[in-house]
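Position one of the first sequence corresponds to residue 128 (my numbering), numbered consecutively onward.
Just so you know, even glycine gets a beta-carbon here, dropped at the ideal spot from N, CA and C.
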Amino acid sequence: MPEFQSVRGFHDLIGEEAKKFRAVCDLIKRKLALYNFEEIVLPVVEFLEVFQRSIGEATDIVQKEMFAFQDKKGRWLALRPEGTAGAVRAYVQNRLYAIKPYAKLFYEGPMFRHERPQAGRYRQFHQIGAEVFGSIEPVVDAEVIHLVHEILSELNLKAVIEINSIGCKVCRPDYREALKQHLNKVEGQLCEVCLDRKDRNPLRVLDCKVPTCKEAVRDAPKMVDFLCNECREHYSKLKEYLTALSVPFQENPHLVRGLDYYTKTVFEAVSTELGITLIAGGRYDYLVEELGGPPTPAIGFAAGVERLYMLLKEIQPEEPLYMVIPFGDVVDYALLVVKALRSEGKRVELSYKRAGLKKQLELANKLGCRYAVLIGEEEKEGGFYTLKDMETGQQVRVEFTPAL
RNA sequence: GAGAGCGUAGCUCAGCUGGCAGAGCAGUGGACUGUGGAUCCACGGGUCGCGGGUUCGACUCCCGUCGCUCUCCCCA
128 MPEFQSVRGF
138 HDLIGEEAKK
148 FRAVCDLIKR
158 KLALYNFEEI
168 VLPVVEFLEV
178 FQRSIGEATD
188 IVQKEMFAFQ
198 DKKGRWLALR
208 PEGTAGAVRA
218 YVQNRLYAIK
228 PYAKLFYEGP
238 MFRHERPQAG
248 RYRQFHQIGA
258 EVFGSIEPVV
268 DAEVIHLVHE
278 ILSELNLKAV
288 IEINSIGCKV
298 CRPDYREALK
308 QHLNKVEGQL
318 CEVCLDRKDR
328 NPLRVLDCKV
338 PTCKEAVRDA
348 PKMVDFLCNE
358 CREHYSKLKE
368 YLTALSVPFQ
378 ENPHLVRGLD
388 YYTKTVFEAV
398 STELGITLIA
408 GGRYDYLVEE
418 LGGPPTPAIG
428 FAAGVERLYM
438 LLKEIQPEEP
448 LYMVIPFGDV
458 VDYALLVVKA
468 LRSEGKRVEL
478 SYKRAGLKKQ
488 LELANKLGCR
498 YAVLIGEEEK
508 EGGFYTLKDM
518 ETGQQVRVEF
528 TPAL
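As C-alpha cells, this is what we get:
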C-alpha cells in the first residue's frame with residue numbers, strides 16, 4: 128500500500144482509459160457543434176443555495192451527497208453535483224436572455240457527489256451537458272433527444288431511450304393528489320422509504336425498485352392521463368417528431384427524475400448491457416425564474432462520460448508512430464531528422480536510450496512503433512536516413528538535407 | 001447510511017489441517033557494438049495492507065483497523 132493514495136471515489140485515468148475518456152468527450156463535442164451549441168465554461172464551485180434552490184431541498188443530492196464547505200467569510204459553498212444549476216445561474220447573471228431569443232449552451236467538466244462509489248459511480252465524475260433556454264416548442268425536446276440518440280449510436284452503445292411527461296404547475300398537483308390517494312390504499316405494500324416518500328414526494332414511489340412497491344404501483348393512476356391540454360399536446364407532438372426522426376423510444380409512465388426542477392418531458396438513456404443510466408435530462412420551465420431570471424422555458428441533458436467510456440470497446444487507431452534511433456555520435460544529425468519529420472506532421476519519438484541498434488529496435492518494438500528511422504555514421508556522412516518498416520522489416524534509404 | 005467479498009513482487013495470482021515467501025508475465029543485463037518481434041541464459045525485486053492476540057513458531061487461526069471492489073438506497 129503506497130503512503131499516499133487518491134481520495135476514495137477520485138480516480139486517475141491512465142493510458143487506454145484516458146484515451147477512451149477523450150474519445151467520448153471529443154465525439155460528443157463534435158456532435159454538439161453540429162447542432163450549433165456554444166460552449167460555456169462554468170465554475171466548479173457555487174454558493175450552496177444555487178443547488179438547494181434548483182435541485183430541491185428534499186432530494187438526496189442536496190440532503191446527503193454534496194461536498195459543501197464554508198469559505199473564510201463563513202459563506203456556504205459547494206462543489207457542483209450537476210451542471211444545470213450553474214448553467215442557469217450563469218444564464219441569469221449574464222442576462223443571456225437579452226441577447227438572443229433563445230440560447231443553446233453546453234458545458235463539460237467534473238461533478239462531485241459524496242456517495243458510496245461502485246461500478247459506474249464515482250465521487251468525482253464527468254459530465255457533458257447541453258441546455259436550450261428560451262423555447263417551449265416540443266421540436267426542441269425532439270432535437271435534444273435526437274442528439275442523445277445520435278451520440279449513443281455513434282459510440283456504438285446499446286441503450287433504450289425512455290421518455291415520459293411529468294406535467295406542469297397546472298396538471299401535476301391534480302395527479303399528485305390522485306396518486307396519493309392510490310398510495311394510501313396500498314399503504315401496506317410499501318417499503319419503509321416509500322412510506323416516507325408517499326406524502327413528501329409521491330412521484331418518487333413510482334420508480335422504487337422494491338418488488339412490493341412495484342406491485343403496489345402497477346395500477347396506480349398515470350401522469351399521462353392527467354396532463355392538461357398544453358402538456359398533452361406537447362407530449363404527443365414530441366412523440367410525433369421522434370417517430371418522424373426514426374428515434375426509437377419507449378414510453379415509461381413510471382419514469383421520474385430525482386431532481387425537483389423537471390417539468391413536462393423527462394427522458395433517460397439506459398444501457399441495455401449494464402442497466403445504468405448513461406445520459407438523462409428533461410425540461411425545466413420554471414427554473415430560470417426560480418433563480419431570478421425572467422420566465423424562460425428550458426430543456427437540457429447530461430451525459431456521464433465515465434459510464435460511456437467504460438462501455439466503449441474500441442477506439443480509433445492513432446497515427447503511425449516513428450522512432451528515430453541514433454547510434455554512434457550522430458545525435459546532432461538525428462535531432463534535425465526528428466525536427467523535419469515532425470514538421471511534416473508525423474508522430475515522432477526520438478529514442479532516449481543510449482544503446483546499440485539492437486536494444487533500440489527492441490525499444491521501438493515495445494513502444495509500438497510502425498517505423499524506425501535508423502541513423503548511424505554512414506547515414507550522417509551520406510546525407511540520408513534509413514527508414515525501416517517494423518511490420519514488414521523492409522528498409523529504404525531516404526535522402527535528407529537539413530533545412531537551414 | 002446498510003450489507004457482502006477481497007488485500008502476498010510493477011501486473012495476474014498460487015501458497016493445503018500453522019513449519020525457510022513462490023510461479024507466469026513485466027523489468028534489467030548478457031555470446032550479437034548496424035537490425036526488433038512468443039530464441040536462449042542470468043539477475044534484481046516483498047513491512048504477505050496495518051496493529052494486536054493465540055502459539056515454540058502466523059501469509060495461514062482470532063480480534064480490531066485501514067484500503068479496494070461490488071450490491072442496496074440514489075443517480076450521470
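Nearest to residue i (by Cα), restricted to the options the options
i, options, result
"R327", "S133, T186 and E166", "T186"
"Q481", "E489, V475 and R474", "Just to set this straight, residue 481 is Arg in the shown sequence, not Gln. Taking only the C-alpha atoms, the option nearest R481 is E489."
"H361", "E289, P265, V397 and S280", "P265"
"F394", "I403, L382 and D387", "L382"
"G431", "I255, V177, P129 and E526", "I255"
"L154", "I442, R345, V313 and L514", "I442"
"E314", "A225, P329 and K486", "P329"
"K473", "V297, C496 and R524", "C496"
"Y104", "Q190, G247, G261 and A246", "Given that the chain is displayed from residue 128 to residue 531, the structure contains no residue 104 and the question cannot be resolved."
"I426", "R434, P444 and A407", "A407"
"R240", "I141, S133, L463 and F137", "F137"
"S398", "L438, L159 and K336", "L438"
"E445", "P244, S133 and L494", "L494"
"S292", "L204, N221 and T390", "T390"
"D412", "P421, L405 and R202", "P421"
"S373", "R469, V275, K227 and K312", "V275"
"V464", "Y229, E506 and C358", "E506"
"I288", "A246, F376 and K325", "F376"
"L169", "Q179, A195, R216 and R434", "R216"
"V525", "G510, T519, Y436 and R359", "G510"
"K325", "Q316, D387, I263 and K307", "K307"
"E518", "K199, N492, Y512 and P129", "N492"
Three-way DSSP call (helix, strand, coil) for residue i in this model
i, result
"P338", "helix"
"Y229", "coil"
"R327", "helix"
"N379", "coil"
"N356", "helix"
"M350", "helix"
"S478", "coil"
"A467", "helix"
"L322", "helix"
"G427", "strand"
"V344", "helix"
"A205", "strand"
"A461", "helix"
"G472", "coil"
"E270", "helix"
"Q190", "helix"
"G294", "coil"
"E508", "helix"
"Q316", "helix"
"P237", "strand"
Limits of the beta strand (DSSP E) - the one that residue i falls within
i, result
"I255", "Q251 to F260"
"D516", "F511 to D516"
"E433", "Where E433 is concerned, there is no enclosing beta strand (DSSP E), although the alpha helix (DSSP H) it sits in stretches over V432 to Y436."
"I452", "L448 to P453"
"A499", "Y498 to I502"
Span of the alpha helix (DSSP H), counted from its first residue to its last, around residue i
i, result
"K486", "L484 to K493"
"Q308", "R299 to K312"
"L284", "Neither: L284 is in no alpha helix (DSSP H) and is coded neither H nor E."
"Q521", "Note, Q521: premise wrong, no alpha helix (DSSP H); not H, not E."
"Q197", "Here Q197 belongs to no alpha helix (DSSP H); instead the beta strand (DSSP E) covers A195 to Q197."
"Y218", "T211 to Q220"
- [ ] For the segment 364–373 and the segment 319–333, state whether three or more C-beta atom pairs, one from each stretch, are separated by less than 8 Å.
- [x] Judged by Cβ distances under 8 Å, the segment 364–373 makes no contact with the segment 319–333, as fewer than three pairs qualify.
- [ ] Jot down the residue ranges of each uninterrupted beta strand (DSSP E) in the segment 132–188, minimum 3 residues, whole runs only, in chain order.
- [x] The beta strand (DSSP E) runs of length 3 or more contained entirely in the segment 132–188 are, from start to end of the chain, 172–174.
Task: Touch test, the segment 449–458 against the segment 243–255, Cβ-Cβ under 8 Å, three pairs minimum - done: Contact between the segment 449–458 and the segment 243–255 is absent, with fewer than three C-beta pairs closer than 8 Å.
- [ ] Examine the Cβ distances between the segment 441–453 and the segment 493–507 and report whether three or more of them are shorter than 8 Å.
- [x] Yes: the two stretches touch, three or more of their Cβ pairs being nearer than 8 Å.
Open item on the list: If contact is defined by three or more beta carbon pairs under 8 Å, each pair taking one atom from either stretch, is the segment 229–239 in contact with the segment 210–221?
Closed with: Result yes; three or more Cβ-Cβ pairs closer than 8 Å.
Task: Whole runs of the beta strand (DSSP E) within the segment 362–418, excluding any shorter than 3 residues - done: Listed in chain order, the complete beta strand (DSSP E) runs (minimum 3 residues) inside the segment 362–418 are 390–398 and 404–410.
- [ ] Count the C-beta pairs between the segment 459–478 and the segment 413–420 that are closer than 8 Å, then say yes if the count reaches three, no if not.
- [x] Counting Cβ pairs under 8 Å, fewer than three are found: no touch.
Open item on the list: Does the structure place the segment 336–353 close enough to the segment 293–306 that three or more beta carbon pairs sit under 8 Å?
Closed with: Result yes; three or more Cβ-Cβ pairs closer than 8 Å.
Task: Inter-stretch contact (C-beta, 8 Å, three-pair minimum) for the segment 271–290 and the segment 337–346 - done: At 8 Å Cβ cutoff, the stretches do not touch.
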